[in-house]
Amino acid sequence: MRRILLRTASALAALCLAMPVQAKWYEASSKHFVVYSDRGTEQVRIMASKLERFDAALRQLTGRTDEPIAPSNRVTIFMVQSPIDVARLFGKGGNYVGGFYSSIAGASYAIVPPFIVQETGENGFAEGVLLHEYAHHFVSENQSILYPIWLNEGFAEFVSTARFEKNGSIGLGLPGQWRGWQLTHQVSVPAEMLVDSQAYFARRELAFDQFYPRAWLLYHMLTFEASREGQLAAYAGALSRGLNDRDAAIAAFGDLRQLELDLQSYGRKVTMPYYLIKGETLRPAQVNVRELSKEDAEAMPFWMRIRRGLEEGNAEPLAVEVRAMAARNPTSAFVQTILGMAEFEADHVDAALAAADTAIAIDPMAIEAHVLKGRAMLAKASRNGATPVEWNAVRAAFLKANAIDPDHPQPLFLYYASFLSQGFKPTGNALQALSRALELAPYDRVIRAELAESQVSRAQFEEAKSTIRMLMRDPHSPLGGARIRAVMEKLDERNAEGARKLLEMSNEEFKAKQEKGDPDSGAGREAAA
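Quick note on numbering: the sequence shown equals residues -23 to -1, 1 to 506 in mature numbering (1 follows the signal peptide of the UniProt record, and there is no 0).
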């Protein structure tokens, strides 16, 4: 339960940002996005407008409808002042990161470096990274079957090179200039490796640079090459029937050596087709722009650091800084909420609760303050041997938050978690809340794992398999995928205890058990295969 109460976006470092504390900040809000930047109202307006046009183009391309969305489920974009700030926020290994995205229930966000946002034309590198990551978010919100890494990345690359025309049209599928040179070099990711996730992960360090352009090229060929018409749909069908990566590729594409020869030939084309989606057919959402108050602008750097996550030892110094900032701005609900978040990260639960109450007194509809209040009450009850009345108060806090925003996934999830923290069997309403939280945030791995654990505990083995199957090909965590495959084996055996242990295990614990040959990790069977 510790991961439920205390999890943050990451456990990586987030050091002081280079931007001046008193910098002006601007917000552009729309149906699917909230954009923050210190670069003026026009820049945030253009960025949010382009993102909404991009979202509309993706929906037309994929045939997906634009359903209502709660404000909490929008993607927040932070444009920081320099690439150094991107690296600092990313933490370890971030020196060469051009921007990044994190998908968390009710708090998905992207961090991007500064760039001049042009209303029309082709994208630069930073904007391409942003569109690439949003493509992943778009797919994860709507994905009904499990896709291998090449298809996830190939689609994201395919749409990330979008060209925005003056007449409102958008071109999708153009070659990316920053990837193009890699297509002309020696092939280190042949088609046979490209379509087999496990084979690729085994050589990932040697083949990483080639993977993305090759994934783009294969997706492009299967989309536009007349001789392979229908094969992409056949491939998706093979995956939905449960075939593994390689077998699904052979079933849909035929001989993989011939696929490689065709791919090389296709990559030598002088010109390539692309989709042009007419501007008059797009219905992007409206964008509203405002300048943040001086008080809220001062809190922005702290909010980003908390949103990204703090490593051990950084929480207390941050709380000291935020207290001083909050003392200067006592009438801002946003500032008081950030103070509460900082106190919570520093494990000052009573102070976090007090700050949340202050924020709610200023703005009774401040949803994040209500969520924070519930989290603080839950943490306090979990460690203090709370009475039944106090536990009911915890759940009442989450019900209040749910009444303010019925589609915010965190109050739903934490309402369920409160029963586990109390040591009680979750009620039917709590189980419904957990299921609804995953419907609202299908990309959240923690909520998905918790639902799977709940299903395992009720001997709902097929339901649990359906819930966790989406995690098997996590493109950024091959070890996580291996752990989930081991869980699937336990579920096939109807071994509830073995599946539960694996679900509760961290990837690091799983790796250690595999290296020791622990049968609980499925190491023996995997080695034999």
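No residue lacks a Cβ here, since even glycine has one placed at the ideal position from N, Cα and C.
On a Cα-Cα basis, can you pick out the residue from S26, G219 and R30 that is closest to S443?
G219
List, from N- to C-terminal side, the alpha helix (DSSP H) runs of 4 residues or more that fit wholly inside the stretch 89 to 163.
102 to 119, 126 to 137 and 154 to 160
Inter-residue Cα distance where the pair is P278 and I46:
27 Å
Let's test the definition: count the other Cβ atoms within 10 Å of the Cβ of residue 515 and tell me whether it reaches 16, buried, or not, exposed.
The chain is shown from -23 up to 506; residue 515 falls before or after that span and cannot be answered.
Determine the direct distance from the alpha carbon of M170 to that of A176, and round the result to whole angstroms.
6 Å
Tell me which same chain residues have a C-beta within less than 8 Å of the C-beta of I381, skipping the five on either side of it?
M342, I344 and H347
Does the Cβ of E503 have 16 or more other Cβ atoms within 10 Å, making it buried, or fewer, making it exposed?
A caution first: E503 carries a pLDDT of 37, below 50, which makes its placement in the model too unreliable to give a value.
Within the stretch 337 to 374, ranges of the alpha helix (DSSP H) (whole runs, at least 4 residues)
344 to 361
Determine which residues share a DSSP beta bridge with N472 and list them.
Its beta-bridge partners do not exist; DSSP assigns none.
Contact belief for I254 with S146 at Cβ below 8 Å, rounded distance in angstroms:
6 Å
Three-way DSSP call (helix, strand, coil) for V(-3) in this model:
With a pLDDT of 49 at V(-3), under the threshold of 50, the predicted position of this residue should be treated as unreliable, and no value is reported.
Go through the stretch 21 to 93 residue by residue and report every complete run of the alpha helix (DSSP H) that reaches 4 residues or more, in order.
60 to 67
Distance CB(P125)-CB(D186) smaller than 9 Å:
no
Is F230 helix, strand or coil when you go by DSSP?
helix
Residue 517 - DSSP class collapsed to helix/strand/coil:
Nothing about residue 517 can be read from this structure; the chain reaches only from -23 to 506.
Decide if V247 is buried, meaning its Cβ has at least 16 other Cβ atoms within 10 Å, or exposed.
exposed
Inter-residue spacing [alpha-carbon to alpha-carbon] between E486 and A262
45 Å
Start and end residues, alpha helix (DSSP H) containing L220
It is not in any alpha helix (DSSP H) - L220 carries neither H nor E in the DSSP assignment.
For N265, list the residues DSSP reports as bridge partners.
S6
Assigned exposure category for Y73 - 16 Cβ within 10 Å defines buried
exposed
Backbone secondary structure at S14 - three-state DSSP:
strand
Cβ of V464 within 9 Å of Cβ of A82?
no
In three-state terms, what does DSSP make of G448?
The sequence shown places Leu at residue 448, rather than the Gly named in the question. It is helical.
Can you tell me the Cβ-Cβ gap for F77 and A87, rounded? I've got them flagged as a contact below 8 Å.
7 Å
Three-way DSSP call (helix, strand, coil) for Y252 in this model:
strand
From the DSSP output, in three-state form, read off F311 for me.
helix
In chain order, what residues of the same chain lie with their CB nearer than 6 Å to the CB of A323, ignoring the 5 residues before and after it?
A292, E293 and A296
Helix, strand or coil for G244, going by three-state DSSP, please let me know.
helix
Residue from M447, R477 and E470 whose Cα sits closest to the Cα of N129
M447
Quick one, are the C-beta atoms of P386 and L408 less than 9 Å apart?
no
Span of the alpha helix (DSSP H), counted from its first residue to its last, around residue 515
In the structure displayed, the chain extends from -23 to 506; residue 515 sits before or after that span and is not available.
In three-state terms, what does DSSP make of P419?
coil
In the DSSP assignment, find the unbroken alpha helix (DSSP H) run with A301 in it and report its ends.
A292 to R305
Just tell me which of K271, G405 and G286 has its CA closest to the CA of T308.
K271
Can you tell me whether R180 is helix, strand or coil according to DSSP?
coil
CB-CB length for V371 against G351, believed under 8 Å:
7 Å
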